[in-house]
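Chemist: I have a structure I would like to understand better, so I am pasting it below and will then ask my questions one at a time.
Number of protein chains: 2
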Amino acid sequence: MPHMPVTERRERLLAAAFAVIARAGVAGATTRAVVDEAGMKLASFHYAFRSREELLAQLVDVVVENQEVVLDVPAAAPGADLAGLIELGLLRFFDQVRADPQRERAMFELTQYAMRTPGMAGVAARQYARYRALAEASLREASTATGCTWARPEEQLAADLVALTDGIVLAWLADGDDVRARATIAFAARALAAEAHPAPARPTEGPRSVTSGRYPAGIVTTTDGSRAVVGGVDPRGAADASGSRA
Amino acid sequence: MPHMPVTERRERLLAAAFAVIARAGVAGATTRAVVDEAGMKLASFHYAFRSREELLAQLVDVVVENQEVVLDVPAAAPGADLAGLIELGLLRFFDQVRADPQRERAMFELTQYAMRTPGMAGVAARQYARYRALAEASLREASTATGCTWARPEEQLAADLVALTDGIVLAWLADGDDVRARATIAFAARALAAEAHPAPARPTEGPRSVTSGRYPAGIVTTTDGSRAVVGGVDPRGAADASGSRA
DNA sequence: GACCGAGTGGGTCGGGCGTCCCAGTCGCGC
DNA sequence: GCGCGACTGGGACGCCCGACCCACTCGGTC
Chain A
25 MPHMPVTERR ERLLAAAFAV IARAGVAGAT TRAVVDEAGM KLASFHYAFR
75 SREELLAQLV DVVVENQEVV LDVPAAAPGA DLAGLIELGL LRFFDQVRAD
125 PQRERAMFEL TQYAMRTPGM AGVAARQYAR YRALAEASLR EASTATGCTW
175 ARPEEQLAAD LVALTDGIVL AWLADGDDVR ARATIAFAAR ALAAEAHPAP
225 ARPTEGPRSV TSGRYPAGIV TTTDGSRAVV GGVDPRGAAD ASGSRA
Chain B
25 MPHMPVTERR ERLLAAAFAV IARAGVAGAT TRAVVDEAGM KLASFHYAFR
75 SREELLAQLV DVVVENQEVV LDVPAAAPGA DLAGLIELGL LRFFDQVRAD
125 PQRERAMFEL TQYAMRTPGM AGVAARQYAR YRALAEASLR EASTATGCTW
175 ARPEEQLAAD LVALTDGIVL AWLADGDDVR ARATIAFAAR ALAAEAHPAP
225 ARPTEGPRSV TSGRYPAGIV TTTDGSRAVV GGVDPRGAAD ASGSRA
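These protein sequence lines are chains A and B, in that order. Letter by letter, the first sequence follows residues 25 to 270 of the working numbering. Letter by letter, the second sequence follows residues 25 to 270 of the working numbering.
Structure follows, in structure tokens:
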């Protein structure tokens with residue numbers, strides 16, 4: 025409540041708004057609920073933002089910009105097969121979703137809000153463009169890690185991957201069935217791997233010195249760093265992975 | 025405005041609510057907006073329903089129950105290849121989505137509402153169970169039509185299919201990119217077909233004259249029949265279908 | 001044809017909403 | 001150390017919301 029530069033206040037309000045949206049949806053993110061979450065007074069809201077709409081717009085922007093990873097391919101055990109690598113990445117992603125489902129719900133909520141709001145039609149499109157770019161980077165990484173080459177343009181495969189993750193997350197949010205989600209993840213990995221040509225025959229795998237654990241974080245996407253979901257992958261996820269392949 | 029039995033009034037209000045939600049989201053479906061859409065007076069609302077919440081709950085129920093088809097496989101020329109059959113079905117489905125995107129938006133909106141509302145957690149799960157059941161029926165139909173057999177339990181494949189369609193629709197709603205959607209549809213068809221064992225060896229490939237289908241209607245899912253999206257499949261969709269294969 | 005219950009119309013209530021206002025207060029630059 | 005501008009607190013306004021109430025009117029039944 026004491027003095028605080030506007031910029032920081034804005035950031036805190038954005039973070040608070042995200043938290044409220046995760047809990048109660050965009051409609052529940054009233055000015056009062058947001059300032060309450062942030063521990064501020066109502067007047068501070070309209071000192072930091074001209075209107076609720078402006079806050080929402082900025083929130084979508086920030087959230088999209090800070091989206092970090094779609095799937096975080098585990099910078100490969102050498103010789104790992106492509107499908108296994110993708111599956112492991114997806115399982116890591118899934119563990120992040122399980123760790124904080126509300127975050128994902130909030131993302132969907134915001135996307136839908138952007139789609140419905142006249143001025144923000146382009147924002148939803150940009151959001152998906154960003155997802156695809158991230159997915160594409162992951163795919164590229166996976167292919168170089170295994171030496172495979174993709175049979176179709178990576179940007180197309182990225183769209184396929186995004187569709188799969190979206191569908192998996194949405195279904196899981198609705199029914200919470202971990203087993204089914206993991207089965208679909210295995211399917212997704214197989215399907216994507218099938219879109220690659222195998223590595224050009226090389227009897228022995230080259231020295232793959234891509235140090236393991238290049239990057240410990242999974243999904244980050246915090247609006248301000250305050251409540252990031254960072255951290256190790258749930259080992260149970262990886263354990264199930266090998267068993268759930270068909 | 026004249027006299028009208030309660031049951032009909034209820035139905036009209038449900039249909040009106042769905043229309044409003046498609047346009048303005050669940051939050052925009054106020055009692056006043058709904059009765060306005062239905063051409064009634066406000067008092068009639070609370071004569072037909074105890075509360076707004078009750079209407080919303082019944083709406084979700086009705087919508088889930090009336091969901092008709094996920095994908096409408098075009099009951100097959102014998103010997104048609106499985107991937108082509110699935111792709112055609114998905115393209116038909118996609119054309120229905122394109123014809124009435126607001127309907128699909130409303131469906132997502134309602135799902136999210138159900139997930140967020142304490143008493144209705146199970147409803148969202150039921151909704152997805154229904155989707156999967158419909159998808160499973162489609163897959164079964166596709167396999168019998170082609171003589172293939174699925175390599176995994178159909179209920180699992182159904183979940184995969186639902187995830188794919190959800191992902192495709194969601195991305196398309198966000199960016200409206202028909203070409204990309206069709207490319208992902210082709211991918212989805214390939215991926216699902218790869219989960220089947222080919223038909224027990226039958227020498228000749230039948231001519232792939234899948235063309236016109238057994239069943240002209242696609243998605244129906246009306247809340248009461250009054251504003252159903254029924255009717256022939258957009259012929260442009262089918263025409264494009266053959267061209268969009270990768 | 002009158003009656004009586006099902007259905008209707010209009011007005012109202014309390015509350016939460018976004019937004020605004022302005023007197024106060026704090027902290028940074030001189 | 002002081003002044004002024006950046007920031008805060010509390011209250012208020014007008015609006016729309018869900019819900020409710022009750023006097024009325026219509027239409028099927030006898």
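Where a beta carbon is used, it is the ideal one built from N, C-alpha and C, also for glycine.
If V193 of chain A sits next to V121 of chain A, beta carbons under 8 Å apart, how far is it from one beta carbon to the other, in whole angstroms?
Modeler: Correct: roughly 6 Å between the Cβ atoms.
Chemist: Suppose the cutoff is 7 Å on Cβ atoms and the five residues either side in sequence are ignored; what does the same chain contact list for T208 of chain B look like?
Modeler: I192, listed in sequence order.
Chemist: When Cβ atoms are compared, which residues of the stretch 197-225 of chain B fall closer than 9 Å to chain A?
Modeler: Correct list: L197, A198, D199, G200, D201, R204, A205, A207, T208, F211, A212, R214, A215, L216, A218 and E219.
Chemist: Starting from P125 of chain B and walking both ways along the alpha helix (DSSP H), at which residues does that stretch end?
Modeler: Residues P125 to R140.
Chemist: Output the distance between the C-alpha atoms of P142 of chain A and T170 of chain A, rounded to the nearest integer angstrom.
Modeler: Roughly 44 Å separates the two Cα atoms.
Chemist: Quick check: is the beta carbon of I45 of chain B nearer than 7 Å to any beta carbon in chain A?
Modeler: It does not: the Cβ of I45 of chain B has no partner Cβ on chain A nearer than 7 Å.
Chemist: Span of the alpha helix (DSSP H) holding R74 of chain B?
Modeler: No alpha helix (DSSP H) holds R74 of chain B; DSSP gives it neither H nor E.
Chemist: Which partner residues does W174 of chain B have in the DSSP bridge list?
Modeler: Paired residues: B:A220.
Chemist: Whether or not the stretch 25-44 of chain A and the stretch 68-87 of chain A are in contact is what I'm after, with contact meaning three or more pairs of Cβ atoms, one per stretch, closer than 8 Å; do they touch?
Modeler: Judged by Cβ distances under 8 Å, the stretch 68-87 of chain A makes contact with the stretch 25-44 of chain A, as three or more pairs qualify.
Chemist: Quick one: any contact between the stretch 210-217 of chain A and the stretch 199-219 of chain B, if contact means 3 or more CB pairs under 8 Å?
Modeler: Yes, since at least three Cβ pairs between the stretch 210-217 of chain A and the stretch 199-219 of chain B fall closer than 8 Å, the two stretches touch.
Chemist: Taking T55 of chain B as part of the alpha helix (DSSP H), name the residues at either end of that continuous run.
Modeler: T55 to A62 is the span of the alpha helix (DSSP H), which, as asked, contains T55 of chain B.
Chemist: If the cut is a Cβ gap below 9 Å, which residues of chain A does E89 of chain B touch?
Modeler: Ordered by position in chain A, no residue passes the 9 Å Cβ test against E89 of chain B, which lies about 16 Å from the chain.
Chemist: Would you decide whether T189 of chain B is buried or exposed? Buried here means 16 or more other CB atoms lie within 10 Å of its CB.
Modeler: Buried, by the Cβ-count rule.
Chemist: Following the continuous alpha helix (DSSP H) through E32 of chain B, name the residue where it begins and the one where it ends.
Modeler: V30 to G52 is the span of the alpha helix (DSSP H), which, as asked, contains E32 of chain B.
Chemist: Distance check for A107 of chain A and L197 of chain B, CA to CA, integer angstroms please.
Modeler: So the two alpha carbons sit approximately 29 Å from each other.
Chemist: Would you list, in chain order, the members of the stretch 111-141 of chain B that have their beta-carbon closer than 9 Å to a beta-carbon of chain A?
Modeler: Result list: R129, F132, E133, T135, Q136, Y137, A138, M139 and R140.
Chemist: Please identify the residue among B:R116, B:E32 and B:L80 whose C-alpha is closest to the C-alpha of M144 of chain B.
Modeler: Comparing Cα-Cα distances from M144 of chain B to each of B:R116, B:E32 and B:L80, the minimum goes to B:L80.
Chemist: Does the beta carbon of A166 of chain B sit closer than 7 Å to a beta carbon anywhere in chain A?
Modeler: Chain A contact via Cβ: absent.
Chemist: Would a C-beta distance cut-off of 7 Å place L37 of chain A and A62 of chain A closer than the cut-off?
Modeler: Yes, these two residues count as a Cβ contact at 7 Å.
Chemist: Y152 of chain A touches chain B at which residues, Cβ-Cβ below 8 Å?
Modeler: In chain order: A195, A198 and D199.
Chemist: In chain order, what residues of the same chain lie with their CB nearer than 7 Å to the CB of D248 of chain B, ignoring the 5 residues before and after it?
Modeler: Any reading at D248 of chain B is ruled out, since the residue's pLDDT is 37, under 50, leaving its predicted position unreliable.
Chemist: Check the C-beta distance from E133 of chain B over to E160 of chain B and give it rounded, since I have them as a contact under 8 Å.
Modeler: Between E160 of chain B and E133 of chain B the Cβ distance is about 25 Å, and since that is not below 8 Å, they are no contact.
Chemist: How would you list, in chain order, the residues of chain A whose beta-carbon sits under 9 Å from the beta-carbon of A107 of chain B?
Modeler: Near A107 of chain B there are no residues of chain A at all, since even the closest Cβ is about 12 Å away, more than 9 Å.
Chemist: Can you check whether the CB of A183 of chain A is closer than 7 Å to the CB of R156 of chain A?
Modeler: Yes; because the gap between Cβ atoms is below 7 Å, this pair is in contact.
Chemist: Here's the rule I'm using: 16 or more other beta-carbon atoms within 10 Å means buried, otherwise exposed. How should S162 of chain B be labelled?
Modeler: It counts as buried.
Chemist: Please check the pair A220 of chain A and A175 of chain A, which I expect to be a contact at CB under 8 Å, by giving their CB distance rounded to whole angstroms.
Modeler: So it is a contact: roughly 6 Å between Cβ atoms.
Chemist: Is there a Cβ from chain B that is less than 7 Å from the Cβ of L188 of chain A?
Modeler: Taking Cβ atoms only, chain B reaches closer than 7 Å to L188 of chain A, which makes this a yes.
Chemist: Quick check: is the beta carbon of D85 of chain B nearer than 7 Å to any beta carbon in chain A?
Modeler: No, D85 of chain B does not count as interfacial toward chain A.
Chemist: Nearest by alpha-carbon distance to V50 of chain B: which of B:E32, B:A72 and B:R76 is it?
Modeler: Selected option, being the one with the closest Cα: B:R76.
Chemist: Are the beta-carbon atoms belonging to L114 of chain B and A166 of chain B less than 7 Å from one another?
Modeler: No.
Chemist: Mind pulling the chain A residues with CB within less than 9 Å of G49 of chain B?
Modeler: Chain A residues near G49 of chain B: V50, A51, Q136, Y137 and R140.
Chemist: Going by the beta-carbon positions, is the gap between A149 of chain A and D119 of chain B smaller than 7 Å?
Modeler: Contact: no.
Chemist: Could you confirm whether any beta carbon from chain B is found closer than 7 Å to the beta carbon of G171 of chain A?
Modeler: So, not an interface residue.
Chemist: Compute the Euclidean distance between the alpha carbons of R154 of chain B and Q91 of chain B, then round it to the nearest angstrom.
Modeler: Each residue's alpha carbon lies about 8 Å from the other.
Chemist: Just to confirm, are R129 of chain B and A72 of chain B a CB contact at a threshold of 7 Å?
Modeler: No. Outside cutoff.
Chemist: Measure the beta-carbon distance from Y152 of chain A to A48 of chain B and round it to whole angstroms, keeping in mind my assumption that it falls under 8 Å.
Modeler: Not really, about 23 Å apart at Cβ, beyond 8 Å.
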